[in-house]
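Protein chains: 2
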Amino acid sequence: MATLSPPPPGLGPTDARDPASAAFRAALPEGMSNAPIADQLWALGVLARLAKGAQLAPDAEDDRLVWIATGAVKLVAPPPQGTADSVPGGQVLAFHFAGDLVSVLRQSAGSASGDLRLVALSDTTLAIFPADRFLDVAQADPAVLRSVLARSLQALHRSRTRMMQMGHKSAAARIADFLVAMAERLADCTSGPCTFALPMSRRDIGDSLGLTIETVSRQLTELREAGLVATEGRSNIALKDVGALARIAGRGQNTSEKPDTTTEI
Amino acid sequence: MATLSPPPPGLGPTDARDPASAAFRAALPEGMSNAPIADQLWALGVLARLAKGAQLAPDAEDDRLVWIATGAVKLVAPPPQGTADSVPGGQVLAFHFAGDLVSVLRQSAGSASGDLRLVALSDTTLAIFPADRFLDVAQADPAVLRSVLARSLQALHRSRTRMMQMGHKSAAARIADFLVAMAERLADCTSGPCTFALPMSRRDIGDSLGLTIETVSRQLTELREAGLVATEGRSNIALKDVGALARIAGRGQNTSEKPDTTTEI
DNA sequence: CGATCAATTGACTTAGCTCAAAGCATGTGG
DNA sequence: CCACATGCTTTGAGCTAAGTCAATTGATCG
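Here the protein sequences come in this chain order: E and G.
To get our numbering, take the position in the first sequence, counting from 1, and add 3.
To get our numbering, take the position in the second sequence, counting from 1, and add 3.
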């Protein structure tokens with residue numbers, strides 16, 4: 004099932020000059036990047052490559068922290084077995100991209116049991132850390148731990164708030180919101196026009212937004228007819244006016260969105 | 004607006020024999036309850052009473068951790084100003100009850116700006132902690148901090164997963180899920196029949212579930228006609244069979260739900 | 001170049017929202 | 001202690017957005 008491979012030569016976890024390691028260090032919360040603790044943390048990780056479509060073995064019996072070095076993944080929850088669910092592939096909880104630190108927790112007491120899976124949307128390189136040992140090491144420096152804590156509290160609230168608001172939004176608003184988020188994440192673009200490639204399928208988009216594939220398509224068509232987006236091929240997309248989309252999305256014209264290292268925890 | 008009152012006599016924050024303090028200590032994550040740190044943490048808090056309907060002043064310029072000693076509250080997000088929203092009262096993010104530790108963060112970079120408010124559903128006693136100083140003290144013991152971190156990571160994932168699943172669920176499933184959750188929380192009842200009083204209005208329920216007040220009412224009527232629930236007055240409700248409701252809710256017959264100190268963070 | 005699967009488009013159905021009108025609790029004043 | 005007034009709740013009758021089923025077009029890769 005999993006497509007785990009040993010670290011490629013020259014990418015040894017302890018090699019400080021390794022570009023991935025350096026990027027990892029930079030992605031860590033401030034205060035973390037200086038300390039030698041970063042080295043210890045990095046040493047805990049195992050590098051892996053996932054080919055497009057491959058998934059990370061969900062076998063783990065303990066929680067994991069996964070850092071995405073390059074590529075893109077989707078975090079999927081298994082369908083609530085029992086009733087054959089609408090989505091055989093499972094519900095998409097989130098997309099994550101290069102630089103993100105994702106926590107893949109065992110769904111110990113979740114409403115629908117079964118563990119989360121990380122599926123590669125494109126060829127992906129990632130570093131896998133056992134959450135336990137990661138925290139053991141981080142614990143050596145309370146400031147590091149606190150920084151991580153503060154981030155996860157913020158992430159919790161933002162995630163919750165966003166989902167809640169989504170629950171009340173129309174399909175058009177959801178799609179617009181999705182496009183704005185992707186523009187920001189994939190093209191680092193918060194206003195004006197921008198062009199990029201979506202690594203995920205329409206089905207993935209729908210699954211993550213609680214919409215059907217047809218509705219996604221129809222909404223994109225409407226935006227296209229409104230002159231707000233243009234598409235080329237399956238994945239290339241061009242947004243004419245991110246601000247306008249943000250307005251449709253019902254975002255309080257919040258162009259003041261913090262730069263905000265998108266590193267989610 | 005706020006209904007903050009000075010700590011009642013005999014409930015001084017540093018009084019270790021105070022029943023509220025003892026309960027607070029017991030509610031803290033394991034490892035936290037023994038240390039003298041619990042005393043220091045408790046000393047940071049300010050006790051307050053909120054009458055039914057009153058709200059906690061949202062004025063705070065820093066994040067707060069609020070511990071509910073007695074009563075029930077709803078956590079509401081302000082309506083995304085601009086367009087006069089459906090819900091003048093604002094979106095209900097969550098309900099919290101006695102024993103819960105709630106983080107009320109400043110919505111620094113939320114999609115819809117404006118701060119969260121805590122509104123009492125019944126007469127409520129709570130302890131308010133400045134998150135900064137709380138963490139400063141907790142930082143003294145990495146184990147404590149780590150415990151809190153682990154909890155918030157879990158809470159994040161559970162919250163996210165739950166919301167996502169909700170997005171795909173029918174009104175019937177949402178109501179059933181809500182009732183099951185309340186039975187567990189308010190009557191400590193995970194199967195069989197049970198009776199309790201809902202402290203929140205139909206409107207609150209609808210707001211928290213992304214449904215209209217009418218739909219909530221209609222669904223309750225259907226459950227009543229199916230013999231699964233009985234209601235008496237506005238707030239009293241009796242569930243005939245929690246298991247059946249859980250099935251309707253689409254919960255994977257998860258009776259194995261961890262005892263799980265419901266303390267959310 | 002053709003096979004295959006993703007995406008689009010169309011026709012129809014339906015769950016849940018909106019608008020509107022009664023029914024009941026709950027609490028207040030006489 | 002009872003009557004009344006207010007506002008929560010229930011019920012009813014359409015309406016609309018989004019889902020479902022189904023067929024076509026288009027892209028991508030061997």
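Don't be surprised by glycine CBs; every beta carbon is placed ideally from N, CA and C.
For Leu148 (chain G), the neighbours in chain E by C-beta distance under 7 angstroms run, in chain order, Pro145, Leu148, Arg149, Leu152. In the DSSP assignment, Gln222 (chain G) falls within the unbroken alpha helix (DSSP H) covering 216-228. Arg52 (chain E) has E:Thr128 as its beta-bridge partners, per DSSP.
Pairing Val95 (chain G) with Val79 (chain G) gives a Cβ-Cβ distance under 8 angstroms. Leu121 (chain G): member of the beta strand (DSSP E) spanning 120-123, first to last residue. For Gln43 (chain E), no chain G residue has a C-beta closer than 8 angstroms to its own C-beta; the minimum C-beta separation is roughly 15 angstroms.
The Cβ of Ser173 (chain E) sits no closer than 8 angstroms to any Cβ of chain G.
At a cut-off of 8 angstroms between beta carbons, Leu156 (chain E) contacts chain G. Contact with chain G is absent for Gln58 (chain E), since none of that chain's Cβ atoms lies less than 8 angstroms from the residue's Cβ. Under the three-state reduction of DSSP, Ser106 (chain E) is assigned to strand. In the structure shown, the three-state DSSP call for Arg254 (chain G) is coil. Taking the C-beta atoms as reference points, Ala176 (chain E) is found nearer than 8 angstroms to Ile251 (chain E). For Ala46 (chain E), there is no enclosing beta strand (DSSP E); the enclosing alpha helix (DSSP H) covers residues 40-47. Residues of chain G with a Cβ closer than 9 angstroms to the Cβ of Gln142 (chain E) are, in chain order, Pro145, Ala146, Leu148, Arg149. Note that the C-beta distance between Val76 (chain G) and Ala123 (chain G) is below 8 angstroms.
For Met169 (chain E), the closest Cβ of chain G is nearer than 8 angstroms. Within 7 angstroms of the CB of Gly213 (chain G), the CB atoms of chain E belong to Gly170, His171, in sequence order along the chain. Against chain E, a Cβ distance below 7 angstroms from Leu159 (chain G) picks out Ser155, Ala158, Leu159, Ser162. The beta-carbon of Leu138 (chain G) is placed less than 8 angstroms from the nearest beta-carbon of chain E. Judged by pairs of C-beta atoms under 8 angstroms, the region 93-109 of chain G touches the region 191-210 of chain G, as three or more such pairs exist. Separation of Val232 (chain E) and Ser125 (chain E) (C-alpha to C-alpha, rounded to the nearest whole angstrom) is 23 angstroms. Taking a beta-carbon distance threshold of 8 angstroms, Ser106 (chain G) counts as an interface residue toward chain E. Under the 10 Å beta carbon count, Ala179 (chain G) is surrounded by 16 or more other beta carbons and is classified as buried.
Its chain contains Asp244, Val245, Gly246 as the residues whose beta carbon lies nearer than 8 angstroms to that of Gly195 (chain E), once the 5 sequence neighbours on both sides are disregarded; these appear in chain order. Taking C-alpha positions only, Ala141 (chain G) is separated from Ala134 (chain G) by approximately 10 angstroms.
Between the alpha carbons of Glu235 (chain E) and Gly209 (chain G) lies a gap of roughly 41 angstroms.
For Leu96 (chain G), the enclosing beta strand (DSSP E) has its first and last residue at 94-100.
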